[in-house]
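The UniProt record's numbering numbers the first residue of the sequence shown as 1 and each following residue consecutively. C-beta: ideal position from N, C-alpha, C; glycine also. Since the structure comes first, as structure tokens, the remarks are kept for the end.
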Amino acid sequence: MRGAALSDMRLRSHSVLDGAVYGQTMNEQMMLMIFLWFLPNAKASTNQTSSQLEVEDSGLRNGCTVTGSQLQCQGMVQLPANLSLLGITDWVMEGTMETAVTEKLLDPVKITIKKLYIHHAPRLQNISEGTFQLFLPALRFLRITNTAVDQLPKFLLGSSEGILNTINLEYNQIQEIESGTFQVKTDELLLGHNRITSVHANAFEGSSFGTL
Numbered sequence: 001m002r003g004a005a006l007s008d009m010r011l012r013s014h015s016v017l018d019g020a021v022y023g024q025t026m027n028e029q030m031m032l033m034i035f036l037w038f039l040p041n042a043k044a045s046t047n048q049t050s051s052q053l054e055v056e057d058s059g060l061r062n063g064c065t066v067t068g069s070q071l072q073c074q075g076m077v078q079l080p081a082n083l084s085l086l087g088i089t090d091w092v093m094e095g096t097m098e099t100a101v102t103e104k105l106l107d108p109v110k111i112t113i114k115k116l117y118i119h120h121a122p123r124l125q126n127i128s129e130g131t132f133q134l135f136l137p138a139l140r141f142l143r144i145t146n147t148a149v150d151q152l153p154k155f156l157l158g159s160s161e162g163i164l165n166t167i168n169l170e171y172n173q174i175q176e177i178e179s180g181t182f183q184v185k186t187d188e189l190l191l192g193h194n195r196i197t198s199v200h201a202n203a204f205e206g207s208s209f210g211t212l
């Protein structure tokens, strides 16, 4: 009986040890499986956020995101000089912005920009002279709407390669159009829903329009 009990104890001891080894092996296997399961997802996550990381590395903040070659900003304040490295062709700015837009804003993307939309920016009051005197060879669509802008700068875009499809300046606070304001070639110039009371002589001299 004593021998049988001893054998039984040994069997139990081996069983417990085997169970412990087995349990440790299972834990290691489970950890390995979890790691392998997360690995492709981590890779996909890295791919999905590559544009976001690129934006952050470029110093873009305040709600700016990049999707392909489109830059979309909400609450934009400043942009870095190396914005040109992103190859931006479409730029949408909306929401709370600075009170003024200057030529420095467009300078980094002046060669590549095709579409520029600034809208729903009630704090935007001024577009400085020179902003749209830059050489913008690819620009085809320009939209500045729903802002507090009441005076226009000169739009000297006649040197752009080709004809602009649309210049939309509706729903602002524009009161007058001074001489020499527009020297552009565009299919469509929209100025409705402003407060225009005066259009000076030669305001559109040197321009050609499909629709005014």
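Cβ neighbours of residue i in the same chain (closer than 8 Å, five flanking residues each side left out)
i	result
L134	E103, L106, D107 and K110
Q70	I88, T89, D90, W91 and V92
Distance CB(residue i)-CB(residue j) smaller than 7 Å
i	j	result
E176	S198	yes
I174	N194	yes
Q183	A148	no
L191	F209	no
Among the options, the one whose alpha carbon lies nearest that of residue i
i	options	result
residue 231	P122, A203 and L86	Absent from the structure is residue 231, since the part of the chain shown begins at 1 and ends at 212.
Q151	Q74, C64, V101 and L157	V101
G206	H119, K154, L190 and T147	K154
L85	Q74, I113, I196 and T99	I113
D90	N146, T131, L142 and G130	L142
L139	E129, N146 and N165	N165
G87	K115, T99 and Q74	K115
L157	N146, T145 and T131	T131
G75	S128, S69 and T65	T65
T99	I127, T211 and F204	I127
Where the alpha helix (DSSP H) containing residue i begins and where it ends
i	result
L106	E103 to L106
Residues near residue i in its chain [Cβ-Cβ closer than 7 Å; skip 5 each side]
i	result
N202	S179 and G180
V21	Below a pLDDT of 50, predicted positions are generally treated as unreliable, and V21, at 43, falls in that range; the measurement from the model is reported next regardless. Result list for V21: empty, nothing under 7 Å.
I163	K185, T186 and D187
F38	Note that F38 scores 45 on pLDDT, short of 50, meaning its location in the model is unreliable; the coordinates nonetheless yield the value given after this. There are no such residues.
H120	E94, G95 and N146
Opening and closing residue of the beta strand (DSSP E) in which residue i lies
i	result
R143	F141 to T147
E94	D90 to E94
F209	S208 to T211
T67	T65 to T67
E115	Checking the sequence, you will find Lys at residue 115 rather than Glu. K115 to A121 is the extent of the beta strand (DSSP E) around K115.
L71	Q70 to Q74
Own chain, CB closer than 6 Å to residue i, minus 5 neighbours either side, in chain order
i	result
H200	E178 and S179
Y117	V92 and R143
F204	F182
Near the ligand SAH: residue i beta-carbon under 6 Å from a heavy atom
i	result
H193	Questions concerning the ligand SAH fall outside what the structure shown contains, since it holds no ligand whatsoever.
Within the region 160-187, ranges of the beta strand (DSSP E) (whole runs, at least 3 residues) | 166-168
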